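Chains as they are written, first to last, in the working numbering: chain A, 3 to 339; chain B, 3 to 339.
Glycine included, C-beta positions come from ideal geometry on N, C-alpha and C.
These numbers were taken from a predicted model, which means no experiment stands behind them.
There are 2 protein chains.
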Amino acid sequence: MGNPVLVEVLRGNVVESRHRGAIAVFDADGGAVMSLGDIDRPVFPRSAVKSIQALPFVESGAADAYGFGNREIALACSSHSGEPEHAALAIAMLERAGLGADAFECGAHWSSQEHVLIEQARTLSEPTAAHNNCSGKHAGFLCTCAHLGHDPQGYVALGHPLQDAVKAAMEDVTGAAHKSDLCGTDGCSIPTYAVPLRALAQGFARMATGTGFAPERAKAARRIFAACMAEPFYVAGSGRSDTRMMEAGQGRIFTKTGAEGVFCAAIPEKGLGIALKCDDGATRAAEVMVAEVLAQLLKGDALAGTLHEMARPVLTNRRGFEVGGLRPSDVLDVQVG
Amino acid sequence: MGNPVLVEVLRGNVVESRHRGAIAVFDADGGAVMSLGDIDRPVFPRSAVKSIQALPFVESGAADAYGFGNREIALACSSHSGEPEHAALAIAMLERAGLGADAFECGAHWSSQEHVLIEQARTLSEPTAAHNNCSGKHAGFLCTCAHLGHDPQGYVALGHPLQDAVKAAMEDVTGAAHKSDLCGTDGCSIPTYAVPLRALAQGFARMATGTGFAPERAKAARRIFAACMAEPFYVAGSGRSDTRMMEAGQGRIFTKTGAEGVFCAAIPEKGLGIALKCDDGATRAAEVMVAEVLAQLLKGDALAGTLHEMARPVLTNRRGFEVGGLRPSDVLDVQVG
């Protein structure tokens, strides 16, 4: 048993490695469009749900109070690469709320993107919390605290009113109870709860359509998705998968990666939400899975061609010659007729 | 069906990700000590077999002709981190053979180790071929060509006499035919052939014991293993798994990682060879697998305690707090009584 192989890694004509996973595509009413593997097993969505976690930031009026536009809202939903524009905007957001960079409780790390890390190493002695890939989310959290009058100290901890609001939004959107025995700590120190892919997919369909939401939540969700799709660089960074897919999508697809091989996405015009996890946590495979699923769901559309190509990346050796590539397995390749 | 889950990744108390794989432990006569998963499916051994690929370098007399000791032989078997000592020694080896760094045909890349890359970014405009993790192997190849009077140009190509000698050594040691339809190109541009883990494990037992080898091959194999175990920094680098395991082993265990989740190892005193592959290609999981297998095979020994701990690495968040870890699955945990 176990989840099916969904992505193959080829070297020459030989399959060198295999990635298994599960994929759920649902509409907002809970109708399944695609279901592969075990979509009921709870998985940590990690950063793939930052757009949902940003609902209190918009709904509370914090984003408006500080005069934030698409870029700031996109950054609040981002796992950015720590490029100078990302770090600067995160700090600027805090300044609007009268806070300093010492308010961040996310910790610091060098960029995970080689080309960004090289520039960081040449210009910084050490990375700061503003360079943390989650600093935009944390800026949104801190601005919400400042606007609502919550003590910002300890805003990452279980039981802080900000985390209560985030958890309530997550439970409302996904419809899945967030159980304490399925709670872990995310890389940026906030609580993360394991929930089924089925619930995440339906939740993203609801984010895209507003189905079942109170009017102000539907409006906030629409605004958040629109902001991310309008400013995809601020959701990820140069060359990153989310940025490339949303740039290609020109406002028609929302995507967001999460650590350990998670991806959530939505196609608003079709009212569909997508949630997937690569069993082994590999980002390279999750990127193939989400691009392929989106390509299949948009079959016949010009955008599908770009996504189809993104689902088949080439591997080169150290001299730049093609030596292999990744591709969807037969199981994934034929899912949607 | 498929290979069993051998490594689990935990966040809090929840298994967040799972790595499958296959493991073979054999003696030099082909007796199985452990067999998990499909050990007959051909896998590319990648860099895990550099010690076998170094046999022509030692057997041809090249290593002696240029006055090389343990460090140079270890570097010829290495996937090093591109630290200054590694790059300098690779160039020094070429100089002894009257060759310049322009002879390298491996291509260049930045270090895959964050702390090394940061230093490289601060001291280099671009990495050179000497910084390629395979430059030591290529230095060994080039010195062998120079010593034997082969034209060094094209030494990486299929059909070059150097690659013929490497392939012949691989076939002799593993006993597995190297078939053209199972040939791919490695990251450093040389041919790589997929062979069963069973054959690789037995091959490493033979490297450790010399069983069935001609006397000069047995002597070369012993010398290569001894060199790697004596100079583990030159096989990998600061903080790397191979270096740490062989430092802890103090001459009692040989280990070598390969790309895409492969590991080969040997315990000479027990006459055992080990070969494994993580299905999805994850190094983090292959490192857990090899440490756990070695710990089990050395059960009751003080060294086993260190290896047992290396098989259970802790995961921390960006503030350094423990949030999870990796561990062998129950399937792997109970293999050797």
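Taking Arg13/B as part of the beta strand (DSSP E), name the residues at either end of that continuous run.
Segment Val7 to Arg13, the beta strand (DSSP E) holding Arg13/B.
Should Cys136/B and Ala99/B be called a contact, given that it needs their Cβ atoms to be closer than 8 angstroms?
Cβ atoms of Cys136/B and Ala99/B: not closer than 8 angstroms.
Look up Ile25/A in the DSSP assignment and say whether it is helix, strand or coil.
Three-state result, Ile25/A: strand.
Could you give the distance in angstroms between the alpha-carbon of Val264/B and the alpha-carbon of Glu18/B?
Roughly 22 angstroms between the two C-alpha positions.
At the level of alpha carbons, what is the spacing between Arg246/B and Pro234/B?
Distance between the alpha carbons of Arg246/B and Pro234/B is about 8 angstroms.
Quick check: the Cα distance between Ile75/B and Leu164/B, rounded to an integer number of angstroms?
One C-alpha to the other measures close to 17 angstroms.
For a cutoff of 8 angstroms on Cβ pairs, would you count His111/B as touching chain A?
With 8 angstroms as the cut-off, His111/B counts as an interface residue toward chain A.
Assuming the contact rule is C-beta atoms closer than 8 angstroms, Pro198/A and Ala178/A should be a hit. Round their C-beta distance to whole Å, please.
Confirmed, Cβ separation roughly 6 angstroms.
If the cut-off is 8 angstroms on Cβ atoms, which residues from the region 15-33 of chain A count as contacting chain B, listed in chain order?
Here the close residues are Asn15, Val16, Glu18, Ser19, Arg20, His21 and Arg22.
Go ahead and pull the three-state DSSP assignment for Ile120/A.
Helix at Ile120/A.
Using three-state DSSP, classify Ile269/B as helix, strand or coil.
Three-state result, Ile269/B: strand.
By Cβ distance, which residues of its chain are closer than 8 angstroms to Asn5/A, with the 5 residues on each side in sequence left out?
So the list reads Arg22, Gly23, Ala24, Leu38, Gly39, Asp40 and Asp281, once near-sequence residues are dropped.
Roughly how many whole angstroms lie between the Cα atoms of Pro47/B and Ala232/A?
Spanning the two alpha carbons is a distance of roughly 45 angstroms.
Terminal residues of the continuous beta strand (DSSP E) containing Phe70/A?
Phe70/A -> no beta strand (DSSP E), and no H or E assigned at all.
Identify every residue that forms a DSSP beta bridge with Gly205/A.
Answer by DSSP bridge pairing: none, since Gly205/A is not bridged.
Do three or more CB pairs link the region 107-126 of chain B to the region 83-90 of chain B at distances below 8 angstroms?
Touching, yes, given that three or more Cβ pairs across the two stretches are closer than 8 angstroms.
Less than 8 angstroms between the CB atoms is what I'm expecting for Ser49/A and Gly307/A, so what's the real figure, rounded?
Not quite, the Cβ-Cβ distance comes to about 28 angstroms (not below 8 angstroms), so this is no contact.
So what does DSSP say about Glu85/A, is it helix, strand or coil?
Of the three classes helix, strand and coil, the one that applies to Glu85/A here is coil, per DSSP.
Within the same chain, show all residues whose beta-carbon is closer than 6 angstroms to that of Phe106/A, passing over the 5 residues directly before and after it, in chain order.
Closer than 6 angstroms at the Cβ level, and outside the excluded window around Phe106/A, lie Ala131 and His140.
Label Gly241/A either buried or exposed according to how many other C-beta atoms from any shown protein chain fall within 10 Å of its C-beta, with 16 as the threshold for buried.
Per the 10 Å Cβ criterion, exposed.
Run through DSSP, which three-state label would Ile226/B get?
DSSP places Ile226/B in helix when its eight states are reduced to three.
What in chain A is Cβ-close to Ala2/B, meaning under 7 angstroms?
There is simply no residue 2/B to check, as chain B begins at 3 and stops at 339 in what is shown.
Indicate whether Gly273/A and Ala220/A have their beta-carbon atoms separated by less than 8 angstroms.
No. Outside cutoff.
Rounding to the nearest angstrom, what Cα-Cα distance links Pro330/B and Ala216/A in this structure?
One C-alpha to the other measures close to 46 angstroms.
What are the residues that DSSP puts in a beta bridge with Tyr195/B?
Answer is Cys185/B, bridged to Tyr195/B.
Quick check: what's the CA-CA separation for Met95/A versus Cys79/A?
The straight-line gap from Cα to Cα measures roughly 13 angstroms.
Within a Cβ cutoff of 6 angstroms, which residues of the same chain sit near Pro154/B, ignoring the five residues on either side of it in sequence?
Around Pro154/B: Ala105, Leu144 and Cys147.
By a C-beta neighbour count over all protein chains shown, 10 Å radius and 16 as the cutoff for buried, is Asp188/A buried or exposed?
When all chains shown are included, Asp188/A counts as buried.
Curious, which full-length alpha helix (DSSP H) runs of at least 4 residues does the region 283-325 of chain B contain?
Listed in chain order, they are 285-299 and 304-312.
How far does the beta strand (DSSP E) with Cys190/A in it reach, from first residue to last?
Per DSSP, Cys190/A belongs to no beta strand (DSSP E) and is neither H nor E.
Classify Ala261/A as helix, strand or coil using the three-state DSSP reduction.
Correct three-state label for Ala261/A: coil.
Going by C-alpha to C-alpha distance, which of Leu334/A, Arg43/A and Leu328/A sits closest to Leu184/A?
Closest option to Leu184/A, Cα to Cα, is Arg43/A.
DSSP has Cys280/B in a bridge; who is on the other side?
According to DSSP, Cys280/B bridges with Gly23/B.
Check the DSSP bridge columns for Gly327/A and list the partner residues they point to.
Paired residue(s): Leu12/A and Val316/A.
Rounded to whole angstroms, what's the CA-CA distance from Gly283/B to Val290/A? Just pull it up for me.
The alpha-carbon atoms of Gly283/B and Val290/A are separated by roughly 15 angstroms.
Output needed for Ser243/A: all residues of its chain with C-beta closer than 7 angstroms, excluding positions within five of it in sequence on either side, in chain order.
For Ser243/A, where only same-chain residues beyond five positions count, the Cβ hits under 7 angstroms are Thr259 and Glu289.
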